[in-house]
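**Student:** Below you'll find the structure I mean.
Protein chains: 2
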Amino acid sequence: MATISDVAAHAGVGLGTVSRVLNNSPKVSVATRARVMAAMEILDYRPSPLARGLSRGRCHTVGLLVPLFTHASAVERLRGVVAALHDSPYDLVLFDVESPRHRDEHFAALTKRDRADGLLVVSLPPPARDLAKIVGAGVPVVLIDARGDGVPMVITDDVEGGRIATRHLLALGHRRIGYIGEEPDNPFGFTATALREQGYVEALQEAGLTRDGRLVRYSRHDRQAAQQVASKLLALRNRPTAIFASSDVQATGVLAAASAAGLEVPGDVSVVGFDDIEISSYAGLTTVRQPLFESGRIGAEMLLGALDGEEEHHAGVRQLPLDLVVRTTTAAPKAA
Amino acid sequence: MATISDVAAHAGVGLGTVSRVLNNSPKVSVATRARVMAAMEILDYRPSPLARGLSRGRCHTVGLLVPLFTHASAVERLRGVVAALHDSPYDLVLFDVESPRHRDEHFAALTKRDRADGLLVVSLPPPARDLAKIVGAGVPVVLIDARGDGVPMVITDDVEGGRIATRHLLALGHRRIGYIGEEPDNPFGFTATALREQGYVEALQEAGLTRDGRLVRYSRHDRQAAQQVASKLLALRNRPTAIFASSDVQATGVLAAASAAGLEVPGDVSVVGFDDIEISSYAGLTTVRQPLFESGRIGAEMLLGALDGEEEHHAGVRQLPLDLVVRTTTAAPKAA
DNA sequence: GTGCGGTGTGGAACCGCTTCCACACCGCAG
DNA sequence: CTGCGGTGTGGAAGCGGTTCCACACCGCAC
């Protein structure tokens, strides 16, 4: 493989000049530049990103930290990130986080611009100390669907989302409304599910109702687990007439449970989800839509801005809207 | 940030020794090793991957080339890759390919071990010249769902898959079987869809039938496009009693078209897909299952093996099985 | 003719690591 | 006591770029 000095020799110039051509420095005469470019062409020269990175102290790479890459919502966000990075000179390195230990390792390793020039963190609240260290090291960070002190983030109002879903059911006339979410305590410190539950409770209270512990259940974030839990809910003597699931994946579990129990949706039970992943439109699921793809795209753009403008990069917070998408899984309860 | 010579100074040893400790060289006395490790600990030292990469000529990174990252099947393969790379020391860099020009740029840039030590290519038949160049440069390549000369690959028998789907419909008694695939000519040179069509035709011939051009339609690989095309097929005076779609995404479009036309599935029309993506089990779609996740995992493992064993790495071909998964979208045709 | 600022250019130093060669020091055989 | 192989160790050279300083050369004003 040709190196910069091969090119220099071939063009009959010094290496500094070749480097200047590479970096579009204005202080190279037209004639020289042409000679150098010709030499590059002939030798099929490509600069080494590694060497360039080492000497410049940046590696034209953006790191993406995603927990539980198996979630459909994470994938949709990833797509947005990929789209935004597409025309940028940055490569995307994927760090999958499966456990808190994993997360800590990655955060520790990313405190230098050596592995990534900037960091995108999805859904993962970074431990404050790690975050401070990374920011202190001058590595720009943008959080997507997570909160942290003093860093830009792309978020939604999960409490409001919970309210939106629940108010919709209330407006249809439901009074016994179940909730299925994820365990509020979790090793990563995810908060979305707890906040959505809070919104659910608040909306109930607005309507003069109180949270009924028997109607609130937790399950892992997958269809099977949600189905199991939902089955129990639907088997209650006085079963809810509607269920709000804190994610679409879980909502599909509720649909499966209803179907298994011989219940009609929305005739016997209404179901609302959260996210609006691809599967939801297919299933006709009423849901609270959050702009997943957009969140990734916008987060990546914010990071690029920070990487570019450098200094003028301050902690902006971008809140994305939530919308109720009414499809065919919600209706007024049957007259009892 | 601490460098190797900071550590050396702190431990009172030479840099060579620190490097030897880093690389687990046996020729370091126990006492010295302990002193060095202590110094690293105190200084919170982390070696620079960039510098290490530059000096060793490898960058502990695996590149993944994925076209049209929007496809569900590509994502599922990506998951397999991520899983396999998880315990390896390699980082994953994602290269999204949106156009042939893009593809060529990436291939050209990847001919050095400078950007990636090894390459995973998904569904993208590499131009022979580029491939030869990369292999010639000593960069191991594994193709997933694509074929190329002299490189290891993970593939399935798409022709057989087409036969499986079609035979299933024939066995149920269907005689007028439509096919919806993607345009056989495409800028990337994808072959899967054409091969599946070939299997479809072969199976028809086995049954003494011939391909009827009016029953064969092409659409883009998305639900809406497939739905449009399927609608036309279903509007034929003598419409097919079954449709084989060359991907599940398109099959869901067929289901939508049937529903829009007021036709029952499988009563009025049977539908078979291909892939078995997540949505398919949800939709109850009968389909030809290919192990997507596994293909990614196995491909990545093959690459790791090649990266590891280096020399003994020769072109193995791993063919993954296809299975018919019968769900609820296929049945015998109504007696006319 | 001399002095001066500006413009291109060459190349050394450096980024942080690996690798290899040189060498000090050891015990042991002759 | 000398010579010799083996074991740890130090540090220079090199990986392929960037950056900065020095400098040659130019035209121009004086």
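First to last, the sequence lines map onto chains B and W.
As numbered in numbering that gives the first Met the number 0, residues 0 to 335 make up the first sequence, in order.
As numbered in numbering that gives the first Met the number 0, residues 0 to 335 make up the second sequence, in order.
By construction, the Cβ of each residue, glycine as well, lies at the ideal position given by its N, Cα and C atoms.
All figures in this text were calculated on a predicted structure; none of them were measured in a lab.
1. What is the residue span of the beta strand (DSSP E) that residue 152 of chain B lies within?
2. List the residues that DSSP assigns as beta-bridge partners of residue 176 of chain W.
3. What are the partner residues of residue 272 of chain W, as DSSP defines its beta bridges?
4. Name the two residues that bound the continuous beta strand (DSSP E) containing residue 96 of chain W.
5. Would you kindly work out how many angstroms separate the C-alpha atoms of residue 188 of chain W and residue 125 of chain W, rounded to a whole number?
6. If you drop the 5 nearest sequence neighbours on each side, which residues of the same chain put their C-beta closer than 7 angstroms to that of residue 282 of chain B?
7. Determine the extent of the beta strand (DSSP E) in which residue 216 of chain W is found, giving its start and end residues.
8. Who pairs with residue 143 of chain W in a beta bridge, going by DSSP?
9. Quick one, which of B/66, B/258, B/115 has its alpha-carbon nearest residue 48 of chain B's?
10. When DSSP labels each residue in this structure, what does residue 325 of chain W get in the three-state scheme?
11. Suppose you measure from the CA of residue 239 of chain W to the CA of residue 321 of chain W; what does that come to, to the nearest Å?
12. Using only the alpha-carbon positions, how far apart do residue 102 of chain W and residue 232 of chain W sit?
13. For residue 320 of chain B, which of helix, strand or coil comes out of DSSP?
14. With 16 other CB atoms within 10 Å as the buried threshold, where does residue 20 of chain W fall?
15. List the whole-angstrom C-beta distance separating residue 286 of chain B from residue 274 of chain B, where the pair is believed to meet the contact cut-off of C-beta under 8 angstroms.
16. Could you please give me the residues that DSSP links to residue 66 of chain B through a beta bridge?
17. List in chain order: all unbroken alpha helix (DSSP H) runs of 4+ residues lying wholly within the stretch 2-46 of chain W.
18. Could you check whether residue 109 of chain B and residue 118 of chain B sit closer than 7 angstroms to each other, using their CB atoms as the reference points?
19. Counting only beta-carbon atoms, is residue 143 of chain B nearer than 7 angstroms to chain W?
20. With a cut-off of 7 angstroms, does the C-beta of residue 48 of chain B fall near any C-beta of chain W?
21. Could you round the C-beta distance between residue 44 of chain B and residue 8 of chain B to whole angstroms and report it? I think they count as a contact, below 8 angstroms.
22. Which one of B/78, B/146, B/112 has the shortest CA to CA distance from residue 50 of chain W?
23. Along the stretch 53-70 of chain B, where does the CB come closer than 8 angstroms to a CB of chain W? Name the residues.
24. So, is the C-beta of residue 90 of chain W closer than 7 angstroms to a C-beta in chain B?
25. Where do the N-terminal and C-terminal ends of the alpha helix (DSSP H) with residue 292 of chain W fall, by residue?
26. Compute the Euclidean distance between the alpha carbons of residue 161 of chain W and residue 263 of chain W, then round it to the nearest angstrom.
27. Using only the alpha-carbon positions, how far apart do residue 96 of chain W and residue 214 of chain B sit?
**Tutor:** A quick look at the data gives this:
1. The residue labelled residue 152 of chain B in the question sits at position 153 within the first sequence. From DSSP, the beta strand (DSSP E) with residue 152 of chain B extends over 152-154.
2. Walking along the second sequence from the start, residue 176 of chain W turns up at place 177. According to DSSP, which records beta bridges pairwise, residue 176 of chain W is partnered with W/241.
3. The residue given as residue 272 of chain W occupies position 273 in the second sequence. Paired residue(s): W/286.
4. If you number the second sequence from 1, residue 96 of chain W lands on position 97. Annotation: the continuous beta strand (DSSP E) that includes residue 96 of chain W extends over 90-96.
5. Residue numbering aside, residue 188 of chain W sits at position 189 when the second sequence is read from its first letter. Residue numbering aside, residue 125 of chain W sits at position 126 when the second sequence is read from its first letter. For residue 188 of chain W and residue 125 of chain W, the distance between alpha carbons rounds to 9 angstroms.
6. In the first sequence, the residue the question calls residue 282 of chain B occupies position 283. Result list for residue 282 of chain B: 251, 254, in chain order.
7. Start at 1 with the first residue of the second sequence, and residue 216 of chain W comes out as number 217. Secondary structure note for residue 216 of chain W: its beta strand (DSSP E) is the uninterrupted segment 215-217.
8. Taking the first residue of the second sequence as position 1, residue 143 of chain W is located at position 144. Answer is W/121, W/153, bridged to residue 143 of chain W.
9. Residue numbering aside, residue 48 of chain B sits at position 49 when the first sequence is read from its first letter. Out of B/66, B/258, B/115, B/115 has the C-alpha closest to the C-alpha of residue 48 of chain B.
10. The residue given as residue 325 of chain W occupies position 326 in the second sequence. Three-state result, residue 325 of chain W: coil.
11. As a first step, residue 239 of chain W is located in the second sequence; it is residue number 240 there, counting from the start. As a first step, residue 321 of chain W is located in the second sequence; it is residue number 322 there, counting from the start. Cα-Cα distance, rounded: 25 angstroms.
12. Position 103 of the second sequence, counting from 1, holds the residue named residue 102 of chain W. Position 233 of the second sequence, counting from 1, holds the residue named residue 232 of chain W. Each residue's alpha carbon lies about 35 angstroms from the other.
13. Taking the first sequence and counting its residues from 1, one reaches residue 320 of chain B at position 321. It is coil, neither helix nor strand.
14. The residue labelled residue 20 of chain W in the question sits at position 21 within the second sequence. Result: buried.
15. The count along the first sequence starts at 1 and reaches residue 286 of chain B at position 287. The count along the first sequence starts at 1 and reaches residue 274 of chain B at position 275. A Cβ-Cβ distance of about 7 angstroms is found for the pair residue 286 of chain B and residue 274 of chain B, placing them in contact under the 8 angstroms criterion.
16. Taking the first sequence and counting its residues from 1, one reaches residue 66 of chain B at position 67. Within the DSSP secondary-structure output, residue 66 of chain B pairs in a beta bridge with B/96.
17. Listed in chain order, they are 3-10, 14-21, 29-42.
18. In the first sequence, counting from the first residue as 1, residue 118 of chain B sits at position 119. In the first sequence, counting from the first residue as 1, residue 109 of chain B sits at position 110. The Cβ atoms of residue 118 of chain B and residue 109 of chain B sit closer than 7 angstroms to each other.
19. Reading the first sequence from its first residue, position 144 is the one you call residue 143 of chain B. By this cut-off, residue 143 of chain B is not an interface position.
20. Within the first sequence, numbered from 1, the residue matching residue 48 of chain B stands at position 49. For residue 48 of chain B, at least one C-beta of chain W is nearer than 7 angstroms to its own C-beta.
21. As a first step, residue 44 of chain B must be located in the first sequence, where it is residue number 45. As a first step, residue 8 of chain B must be located in the first sequence, where it is residue number 9. Actually they are not in contact, since the Cβ atoms of residue 44 of chain B and residue 8 of chain B sit about 12 angstroms apart, beyond 8 angstroms.
22. Numbered from 1 along the second sequence, position 51 holds the residue referred to as residue 50 of chain W. Considering only alpha carbons, the answer is B/112.
23. Here the close residues are 53, 58, 60, 68, 69.
24. Numbered from 1 along the second sequence, position 91 holds the residue referred to as residue 90 of chain W. With 7 angstroms as the cut-off, residue 90 of chain W counts as an interface residue toward chain B.
25. Sequence index remark: in the second sequence, residue 292 of chain W carries index 293 (1-based). For residue 292 of chain W, the uninterrupted alpha helix (DSSP H) segment begins and ends at 291-308.
26. Indexing the second sequence from 1 puts residue 161 of chain W at position 162. Indexing the second sequence from 1 puts residue 263 of chain W at position 264. Near 24 angstroms, if we compare the C-alpha coordinates of residue 263 of chain W and residue 161 of chain W.
27. Position 97 of the second sequence, counted from the start, is the residue given in the question as residue 96 of chain W. Position 215 of the first sequence, counted from the start, is the residue given in the question as residue 214 of chain B. Computed Cα separation, rounded: 47 angstroms.
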